[in-house]
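Written out below as structure tokens is the structure these notes cover.
2 protein chains.
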Amino acid sequence: MSGEGEWIRMVTARTPTNIAVVKYWGKRDENLILPINDSISMTLDPDHLSTTTTVSVSPSFDSDRMWLNGKEISLSGDRFQNCLRELRSQASDFEDSEKGIKIEKKDWEKLHFHIASYNNFPTAAGLASSAAGFACLVFALANLMNVKANQSHLSAIARQGSGSACRSLFGGFVKWIMGKDSDGGDSVAVQLADENHWSDLVIIVAVVSAHQKETSSTSGMRETVETSALLQHREKVVVPKRIIEMEKAIEARDFASFAKLTCADSNQFHAVCLDTTPPIFYMNNTSHRIISCIEKWNKAEGAPQVAYTFDAGPNAVMVARDRKTAALLLQRMLYYFPPQSESDLDSYVVGDKSILKDAGIVGISDIEVLPVPSEVKDRVPPPPRSKGEVSYFICTRIGRGPVLLTEDAQALLDPNTGLPK
Amino acid sequence: MSGEGEWIRMVTARTPTNIAVVKYWGKRDENLILPINDSISMTLDPDHLSTTTTVSVSPSFDSDRMWLNGKEISLSGDRFQNCLRELRSQASDFEDSEKGIKIEKKDWEKLHFHIASYNNFPTAAGLASSAAGFACLVFALANLMNVKANQSHLSAIARQGSGSACRSLFGGFVKWIMGKDSDGGDSVAVQLADENHWSDLVIIVAVVSAHQKETSSTSGMRETVETSALLQHREKVVVPKRIIEMEKAIEARDFASFAKLTCADSNQFHAVCLDTTPPIFYMNNTSHRIISCIEKWNKAEGAPQVAYTFDAGPNAVMVARDRKTAALLLQRMLYYFPPQSESDLDSYVVGDKSILKDAGIVGISDIEVLPVPSEVKDRVPPPPRSKGEVSYFICTRIGRGPVLLTEDAQALLDPNTGLPK
Chain A
18 MSGEGEWIRM VTARTPTNIA VVKYWGKRDE NLILPINDSI SMTLDPDHLS
68 TTTTVSVSPS FDSDRMWLNG KEISLSGDRF QNCLRELRSQ ASDFEDSEKG
118 IKIEKKDWEK LHFHIASYNN FPTAAGLASS AAGFACLVFA LANLMNVKAN
168 QSHLSAIARQ GSGSACRSLF GGFVKWIMGK DSDGGDSVAV QLADENHWSD
218 LVIIVAVVSA HQKETSSTSG MRETVETSAL LQHREKVVVP KRIIEMEKAI
268 EARDFASFAK LTCADSNQFH AVCLDTTPPI FYMNNTSHRI ISCIEKWNKA
318 EGAPQVAYTF DAGPNAVMVA RDRKTAALLL QRMLYYFPPQ SESDLDSYVV
368 GDKSILKDAG IVGISDIEVL PVPSEVKDRV PPPPRSKGEV SYFICTRIGR
418 GPVLLTEDAQ ALLDPNTGLP K
Chain B
18 MSGEGEWIRM VTARTPTNIA VVKYWGKRDE NLILPINDSI SMTLDPDHLS
68 TTTTVSVSPS FDSDRMWLNG KEISLSGDRF QNCLRELRSQ ASDFEDSEKG
118 IKIEKKDWEK LHFHIASYNN FPTAAGLASS AAGFACLVFA LANLMNVKAN
168 QSHLSAIARQ GSGSACRSLF GGFVKWIMGK DSDGGDSVAV QLADENHWSD
218 LVIIVAVVSA HQKETSSTSG MRETVETSAL LQHREKVVVP KRIIEMEKAI
268 EARDFASFAK LTCADSNQFH AVCLDTTPPI FYMNNTSHRI ISCIEKWNKA
318 EGAPQVAYTF DAGPNAVMVA RDRKTAALLL QRMLYYFPPQ SESDLDSYVV
368 GDKSILKDAG IVGISDIEVL PVPSEVKDRV PPPPRSKGEV SYFICTRIGR
418 GPVLLTEDAQ ALLDPNTGLP K
């Protein structure tokens, strides 16, 4: 190690979130985070939902420190330490003669890190922030530490931070293979199709206001494994078949099958949560209303227009078959869930605002005059328009995997002090 | 048939509702109403929840007519006709020489009925009104038509009107044996224990305000049978074991086991509803809050104090282990779900009001000063007190089976005209 105390080496990366369409729920190994079944996810566009992380190393740092969204947090957790141990064991020599940096493999055991991480969406909103976060941390540190490993190999490391993080190492459609090995070496993510494979799809996320504190997914899935009488049947019989069908649906861009499987698997995941003692409720009345709205519409059209899926919280992730359908979906969502009077449209529908334009909505007043959706006309009168049930909508799409950000301006740490900018 | 046009024969009966603790959900024969699994229920005290039905026959009646809660309804439905056909085929000669009535078996094919039925609880509240209704209709008509059959035999007839009606032919704890025969002859109810076997138990029903129209249980269970990937496992593997355990728990008056099985089976029933395409939601946020309240309390006590179960709607049926616990439960319920300002206590807590007295509540002002339940103290602050989420509470107990009402004043039809009084 040369130039001690004088240099700071820094890497910045950005990594997407992902949403499972065949769900992961239940571990067979709590420490290594090995799942009881395969899962499949879509990677969401990092422009709208991603984590940016700057990792830095310097002989001048005397402890590992991390800042999340500007606030210092502890790194003493097992999950972070497990990732770090794996990365250190696979780190390589690094040399940058221009900057006078020379790090030998053995040095990584002693060197400390400063890490700053930032989500471009609310951390507390239940939008897979830990998946994007751990994926980004591992991806950035692997680059910093010159780890010679492919993305699947890195996914097995990220998996030990947060199970679903392994699926954020790739763009497009991703499968997390549960694996068989007791050390988890074969429990890795692989890409099924890249982000350009099915570019018609449009994703709208409804961030639903939650009043109740939710069960964390870690303790929730442990309780389901311990007490649900239905989970084993799901894991052994239902999911293996669904994984095969979902891979086919994705490959063939068969939206009807994709939607049917996605909705059924989301509902079954929430069913095994309910079959847990004590029961776990992640969806609320608003989630139920969103499902009813989509089911009714799909039925009226005679074929699925939109798929929905819910993770461990009340937020809906909706997938429209194409842009035209997405505009119709957004109209329906804004009809049923208008913004509160004091909200402005700009902060109520975020992300890819071109969908809003396609829907013909340029101001709050356009929402007030939206027609009753055709599928409810001449039938039961529509439920009252509920203000405030949805916090906001995010319009997005399927996106790419992790990238390194090379511009100095994009780093979250000061290159001279190694502290948050 | 003698005295034609001059006489009216009349029978009045009262029959209880019941609530399943191991649920019936799914038919193997839609027409005969044969279930895919055994179920077990508690019969509720008819003083608080029952149907009273007067059936009458006269040569002067020229069509079958029925009045439910004073409003005439159609009797053309298959279910009513199936019950009537069965009863006619098993009817016997009847003679009352004093009144000049003589009916031969063959006459029953031609005679018409007038029927009046009245529920002592709101029909629309989702409190098994069809179970009590069909049980009462069959029980009363069997008496009118001099059907020589025991209660289990009658239960197989009532079953063809509404599956769970068969369980309302007995008091106490009742098992509906699914049976094997294709004609349904062995799909009958039997009494496991009478209403005095476990008289410590106190039942409190929370009638929860529902905003959404619910899926009928008939179409709901058909959809679950057709689409749920988990139902078969429930029916073949989970329920048979639970039935044995529940019978043991009831026999031994083992409240801990009874509560565990009751709650788990209610939750699993709602889980398979959620696993249906499209998913069926019967519980709402209020139902979830009631469950959370009980689960938290049971956990804090280290042993179950109260069991809960929900049928095809948001209403909670809670079973307290004894009177003392029931008073504590009622305090908690009124703490979390106080009446709306304009409500009076008398109509907010109905049924056995002595529980209210035990809870130390004599007026609305006593509710306002209820202490925070001990299990939430020093932890997260309690959720806001929600007015209007619960319509009212019914305090009741396990009760007896059908009875004939012999006082003329109890009949719902005028003995001279055969029309509603």
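As you go down the protein sequences, you meet chains A and B in turn. Letter by letter, the first sequence follows residues 18 to 438 in my numbering. Letter by letter, the second sequence follows residues 18 to 438 in my numbering. Yeah, the Cβ is synthetic: ideal placement off N, Cα and C, and Gly gets one too.
{"Query": "Neighbour list for residue 251(A) in chain B, Cβ cutoff strictly below 8 Å", "Result": "246, 247"}
{"Query": "The segment 377–393 of chain A / the segment 355–368 of chain A touching (three or more Cβ pairs under 8 Å)", "Result": "yes"}
{"Query": "C-beta neighbour in chain B for residue 288(A), strict 8 Å", "Result": "yes"}
{"Query": "For residue 34(B), the three-state DSSP class (helix, strand or coil)", "Result": "coil"}
{"Query": "Residues that residue 324(B) bridges to, as DSSP identifies them", "Result": "336(B)"}
{"Query": "8 Å contact criterion, which residue 202(A) and residue 173(A) should meet: CB distance rounded", "Result": "6 Å"}
{"Query": "Close Cβ partners of residue 19(B) (< 6 Å) along its chain, the five nearest in sequence each way excluded", "Result": "In this predicted model, residue 19(B) has a pLDDT of only 49, less than 50, meaning its place in the structure is not dependable; the value taken from the coordinates is given anyway. Excluding positions up to five away in sequence, the list reads 119."}
{"Query": "Closest by C-alpha distance to residue 338(A), when choosing among 217(A), 232(A), 302(A)", "Result": "217(A)"}
{"Query": "Reference residue 185(A); option with closest CA among 298(A), 35(A), 427(A), 290(A)", "Result": "35(A)"}
{"Query": "Three-state class that DSSP yields for residue 252(B) in the structure shown", "Result": "helix"}
{"Query": "Against chain A: residues of the segment 253–283 of chain B by CB proximity under 8 Å", "Result": "254, 255, 277, 280, 281"}
{"Query": "Minimum Cβ-Cβ distance from residue 305(B) to chain A less than 8 Å", "Result": "yes"}
{"Query": "Closest residue to residue 71(B) among 308(B), 132(B), 93(B) (Cα-Cα distance)", "Result": "132(B)"}
{"Query": "Pairwise C-alpha distance: residue 51(B) and residue 195(B)", "Result": "7 Å"}
{"Query": "Per-residue contacts from residue 312(A) into chain B (C-beta, under 9 Å)", "Result": "294, 295, 296"}
{"Query": "Which listed residue (435(A), 75(A), 354(A)) has its alpha carbon closest to that of residue 407(A)", "Result": "354(A)"}
{"Query": "Touching by the beta-carbon criterion (3+ pairs, under 8 Å), the segment 66–83 of chain B and the segment 125–139 of chain B", "Result": "yes"}
{"Query": "is_contact[residue 332(A), chain B] using C-beta, thresh 8 Å", "Result": "no"}
{"Query": "Cα-Cα separation, residue 276(A) to residue 270(A)", "Result": "11 Å"}
{"Query": "For residue 274(B) and residue 266(B), the rounded distance between their alpha carbons", "Result": "6 Å"}
{"Query": "N- and C-terminal bounds of the alpha helix (DSSP H) containing residue 273(A)", "Result": "272–291"}
{"Query": "Neighbour list for residue 455(B) in chain A, Cβ cutoff strictly below 9 Å", "Result": "Outside the displayed range of chain B (18 to 438) lies residue 455(B), so it cannot be described from this structure."}
{"Query": "DSSP beta-bridge partners of residue 190(B)", "Result": "59(B), 210(B)"}
{"Query": "Terminal residues of the beta strand (DSSP E) in which residue 135(B) lies", "Result": "129–136"}
{"Query": "Integer Cβ distance of residue 367(B) from residue 325(B), believed to fall under 8 Å", "Result": "Not really, about 19 Å apart at Cβ, beyond 8 Å."}
{"Query": "Buried or exposed (CB count within 10 angstroms, at least 16 for buried), residue 427(B)", "Result": "exposed"}
{"Query": "Cβ-based neighbour list, residue 292(B), same chain, cut-off 6 Å, excluding 5 preceding and 5 following", "Result": "245, 247"}
{"Query": "Residues near residue 340(B) by beta carbon distance below 8 Å, same chain, minus five either side", "Result": "217, 219, 372, 375"}
{"Query": "Cβ of residue 499(B) within 8 Å of any chain A Cβ", "Result": "Since the first and last residues shown for chain B are 18 and 438, residue 499(B) lies out of range."}
{"Query": "Element boundaries [alpha helix (DSSP H), containing residue 103(B)]", "Result": "95–107"}
{"Query": "Per-residue DSSP class, three states only, for residue 19(B)", "Result": "Because the pLDDT of residue 19(B) is 49, which lies under 50, any placement of that residue in the model is unreliable, and the question is left without a value."}
{"Query": "Min CB distance residue 137(B) to chain A below 8 Å", "Result": "no"}
{"Query": "Beta-carbon contacts of residue 75(B) that lie in its chain and below 6 Å, excluding the five residues immediately before and after", "Result": "25, 435"}
{"Query": "DSSP three-state assignment for residue 111(A), whether helix, strand or coil", "Result": "strand"}
{"Query": "Given 8 Å, three or more beta-carbon pairs between the segment 247–259 of chain A and the segment 343–357 of chain A", "Result": "no"}
{"Query": "Extent of the continuous alpha helix (DSSP H) run through residue 175(B)", "Result": "168–175"}
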